[in-house]
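As structure tokens, the structure follows; a few thoughts come after it.
2 protein chains.
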Amino acid sequence: MYTLEEIDRIVENASKLQLIHREPANLYEPLDYMMSIGGKRLRPKLCLHSYNLLSDDMGNSIIFPAMALEVFHEYTLIHDDIMDRSDTRRGNPTVYKKWNENIAILSGDVMSLLSYKYLAYAPTEVLPDALKLFTETTMQVCEGQQYDMDFENLPFITKEDYLMMIGLKTAVLLACSCKMGALIGGAPVPVCNALYQFGYKLGIAFQITDDYLDTFGNEQVFGKKIGGDIVNNKKTWLLVDCIRRADGEKKQALEKLMQLGEEDRALKVESVRNLYVELGVKEAAEAEILAWHRKALEELDKTGIAPQQTRNLRQFAEALLRREK
Amino acid sequence: MYTLEEIDRIVENASKLQLIHREPANLYEPLDYMMSIGGKRLRPKLCLHSYNLLSDDMGNSIIFPAMALEVFHEYTLIHDDIMDRSDTRRGNPTVYKKWNENIAILSGDVMSLLSYKYLAYAPTEVLPDALKLFTETTMQVCEGQQYDMDFENLPFITKEDYLMMIGLKTAVLLACSCKMGALIGGAPVPVCNALYQFGYKLGIAFQITDDYLDTFGNEQVFGKKIGGDIVNNKKTWLLVDCIRRADGEKKQALEKLMQLGEEDRALKVESVRNLYVELGVKEAAEAEILAWHRKALEELDKTGIAPQQTRNLRQFAEALLRREK
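Residue numbers (our numbering), protein chains in the order written: chain A, 3 to 327; chain B, 3 to 327.
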């Protein structure tokens, strides 16, 4: 079995895109740029770790499909940044800002297609299933993004709405990453499905962690300003839970705070943060993350694969959820 | 063999999209809308006609891949309309105008993925090749669109630039449509490739015809205002040829005319049109279309398939290039 570091290195090497040509430049430069500004590469790593439960043979027929997941993910970020009007990502200008909107649309488009080019390296015998899994997932990611945008216009959403939305927007791709590795590794269907569920539940935990860190993370480590979600009234797990808990005076206080804008940033962030602590939202989020993490590990057990072998995946999940950024 | 009308009908029936679900509405309604506002459905028809040279068995394994070509094409139109800031298409509001830009980006995105879902119905034994052909083509279409946008900022382009750009932006998808049908029909490689070339050359003729009709078409039949390309200084075959021919006085006249804007529309269109006639550009375009049409038909002959059987394709090409809109 490969170590965590060895898998990291394989993915890093593969992150320099294999392209037949790079013309026209305005189309392809943004792709190289997106790959160059970093990223945790979770999806290809999860894919390779899952694959590694079944095989040590790290050739093109698994590496390219693993990278298809990353390429697809990066494409969604290019388009999301246009739709959100985001100027920066990972401390760098977004493609939309660095070039322009048209270029961001089109280079995102070609990046999406490139992901299918990479997927096509999957072994012929699993290609139909790989294609089906990938396309189902990628369409769900679009659905999740649409729900996310739709929810912005609603005064409130339920916990169920939120879980459904992050399920589609984030969790399914992590789930797909795990299942893809298993599929290409030749795992039996129940193992593929258990790894899908592992990835899915890990994905839910991951997104709630993301929401949590945006408010309670360490700014130095996190690399970006704390409280962005609060300022934007983003319907995070924390806000949804807070709205559910707050009544009477606290409810009014929250509503008033939500009216505040960028100019009252510091006050808004600190006040809402305190409200989260007072109402037990912070603790509840920590418990929720732990619960989904446990559920994810239970799915790993269901694979019937020896703990010795699933250790990498378990460590990977642990590191993901204990991260500070 | 099916008649032209029977193939038309199969495509028409298939144009009502098969979707697992239609939620969220903001994501999927634009897809139904695009399919509902018409379109010549050239690409699936070419695909089915090519397939029909080899087989009469019109099942899901050919109809869905044929529609993948149309779905992909419609998605490019959604995104093109954002990038061009076009308000109308086929006399109807564009998706970008009818909904908004974010919805147009995302519904285009999911439509692109849906095309892969449909492509995946291709028979397993040809799926790897079908996927390779489709993805190569779709990436080329993006390249063509990027070149088209890049060229807008150049004072002039050569005939070669133009042919390269329309080759990528338009011709390869028609070529792919023909080859896809042959591939799924089980044709030998040389036949697949000859049909690709047929579609490609027909595509070039088709695009030049499009340019020609925008200036010299019959407004009533054409369904949209004549001269749009002239008003926008679009680098059509006509303009590229005109720039090449014009010198001295005519060159100066052309340059002055290109400075005119929407407010001088009638004058600009009539004057440039006259210049095209005077300089022999109109005739040259007619000859060029004829030449590419002939080259396309020569490719059909190269398939070695009996003229009796290729008659539908020949009639289809004929109708395409003799159209008034």
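For glycine and all other residues, C-beta sits at the position ideal for the given N, C-alpha and C.
These numbers were taken from a predicted model, which means no experiment stands behind them.
Where does residue i land, buried or exposed, given buried means 16+ other C-beta within 10 angstroms?
i, result
"F158 (chain A)", "exposed"
"N15 (chain B)", "exposed"
"N54 (chain A)", "buried"
"T90 (chain B)", "exposed"
"T312 (chain B)", "buried"
"V283 (chain B)", "buried"
"A308 (chain B)", "exposed"
"M151 (chain A)", "buried"
"L277 (chain B)", "buried"
"A207 (chain B)", "buried"
"P192 (chain A)", "exposed"
"I22 (chain B)", "exposed"
"R43 (chain A)", "buried"
"E301 (chain B)", "buried"
"E76 (chain B)", "buried"
"N104 (chain B)", "buried"
"L156 (chain A)", "exposed"
"G93 (chain A)", "exposed"
"D216 (chain B)", "buried"
"D231 (chain B)", "buried"
"P67 (chain A)", "buried"
"G110 (chain B)", "buried"
"S38 (chain B)", "exposed"
"N220 (chain B)", "exposed"
"G61 (chain A)", "exposed"
"N314 (chain B)", "buried"
"M36 (chain B)", "buried"
"K270 (chain B)", "buried"
Applying a beta-carbon distance threshold of less than 7 Å, which residues of chain A neighbour residue i?
i, result
"T126 (chain B)", "P130"
"A70 (chain B)", "Chain A residues near A70 (chain B): none, gap ~11 Å exceeds 7 Å."
According to DSSP, what are the bridge partners of residue i?
i, result
"P95 (chain A)", "A:T90"
Taking the continuous alpha helix (DSSP H) assigned at residue i, which residues delimit it?
i, result
"Q147 (chain A)", "129 to 154"
"F74 (chain A)", "62 to 85"
"E265 (chain B)", "That residue, E265 (chain B), is in no alpha helix (DSSP H); it is neither H nor E in DSSP."
"Y4 (chain B)", "Where Y4 (chain B) is concerned, there is no enclosing alpha helix (DSSP H), given that its DSSP letter is neither H nor E."
"F318 (chain A)", "309 to 323"
"E103 (chain B)", "103 to 121"
"H295 (chain B)", "283 to 304"
"S17 (chain B)", "Run containing S17 (chain B): none; DSSP gives neither H nor E here."
"D59 (chain A)", "Note, D59 (chain A): premise wrong, no alpha helix (DSSP H); not H, not E."
"G183 (chain B)", "174 to 186"
"K42 (chain A)", "Taken as a continuous stretch (DSSP letters only), K42 (chain A) belongs to no alpha helix (DSSP H), as it is neither H nor E."
"N220 (chain A)", "Element bounds for N220 (chain A): n/a, residue is neither H nor E."
"G230 (chain B)", "230 to 233"
"R24 (chain B)", "Premise fails: R24 (chain B) is in no alpha helix (DSSP H) and is neither H nor E."
"K161 (chain B)", "161 to 168"
"D243 (chain B)", "239 to 247"
How would you list, in chain order, the residues of chain B whose beta-carbon sits under 8 Å from the beta-carbon of residue i?
i, result
"I107 (chain A)", "H81, I84, M85, I107"
"M1 (chain A)", "Since the first residue of chain A shown is 3 and the last is 327, residue 1 (chain A) is not available in this structure."
Can you pull the chain A neighbours of residue i, defined as C-beta to C-beta under 8 Å?
i, result
"P26 (chain B)", "E145, Q148, Y149, D152"
"S114 (chain B)", "D111, S114, L115"
"A329 (chain B)", "For chain B, the structure presents residues 3 to 327; residue 329 (chain B) sits outside this window and is missing."
Can you pull the chain B neighbours of residue i, defined as C-beta to C-beta under 7 Å?
i, result
"N104 (chain A)", "M85, M151"
"T305 (chain A)", "Within 7 Å Cβ-Cβ: nothing; T305 (chain A) doesn't reach chain B, min ~27 Å."
Note down, in chain order, every chain E residue with its Cβ under 8 Å from the Cβ of residue i.
i, result
"L29 (chain B)", "Within the model displayed, chain E is absent; protein chains A and B are what it includes."
Validate contact between the stretch 40 to 52 of chain B and the stretch 173 to 186 of chain B using beta carbons, cut 8 Å, 3 pairs: yes
Would you be able to state if there are at least three C-beta pairs under 8 Å between the stretch 203 to 211 of chain A and the stretch 61 to 76 of chain A? no
Should the stretch 295 to 304 of chain B be regarded as contacting the stretch 319 to 326 of chain B, the criterion being three or more beta carbon pairs within less than 8 Å? yes
Contact between the stretch 129 to 148 of chain A and the stretch 161 to 177 of chain A: three or more CB pairs below 8 Å? yes
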